[in-house]
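Have a look at the structure below, then the notes.
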Amino acid sequence: MKVVYSVAIETGTIDIEYGVVVPDIIGCFSSGETFELALHNVKEAIEFHLESLALDGQLPPPSTSINDHMANLDFEGWVWSMVEIDITPYLGKSSKINVTLPNLLTKQIDDFVKNNETFVNRSQFLQEAARTKMESSEARI
């Protein structure tokens, strides 16, 4: 399962490296001598943070729309980019469960998955649907 995190990049100079902050992951930041290296390094920083969260029994944080972040005055003048991360390794071990669904709903899910390249199978769809629902519920709490 892939998540795209927005990253804010403070442009560097000949003497100062590019600084990168991941607003959705508290305390996650990095830098690099070049723009490309800064993006490479921040991907490693994100993976390190997600691994640490997983060890503490926490799920990866949801990503916020880049448009919401761009409106944040703390990052005024920064350049924005996005980093795609496969969060599957940070979700914990998988286990089979028995779920009862109405046949019509199961067929609609299977048809949706078949016609949508985003999902590999029904299980991945159900995982993403559950995660999205929980994230939206947390936002309202």
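What the sequence shown shows, in this note's numbering, is residues 2 to 142, in sequence order. From the three backbone atoms N, C-alpha and C, an ideal C-beta is built for every residue, glycine too. The model shown is predicted, which means the values in this text are computed figures rather than measured ones.
Residue i vs residue j beta-carbon contact at 8 Å
i           : j           : result
residue 28  : residue 42  : no
residue 83  : residue 8   : yes
residue 2   : residue 136 : no
residue 10  : residue 19  : yes
residue 118 : residue 86  : no
residue 51  : residue 98  : no
residue 123 : residue 112 : no
With 16 other Cβ atoms within 10 Å as the buried cut-off, status of residue i
i           : result
residue 21  : buried
residue 138 : exposed
residue 17  : exposed
residue 64  : buried
residue 103 : exposed
residue 134 : exposed
residue 120 : buried
residue 90  : exposed
residue 31  : buried
For residue i, the nearest candidate out of the options (CA to CA)
i          : options             : result
residue 6  : 45, 55, 114 and 38  : 45
residue 13 : 55, 38 and 116      : 38
residue 40 : 2, 55 and 80        : 80
residue 15 : 24, 23 and 35       : 35
residue 71 : 123, 23 and 87      : 23
residue 57 : 92, 131, 106 and 31 : 92
Task: Segments assigned beta strand (DSSP E), at least 3 residues, entirely inside the region 6-58 - done: 19-22 and 30-33
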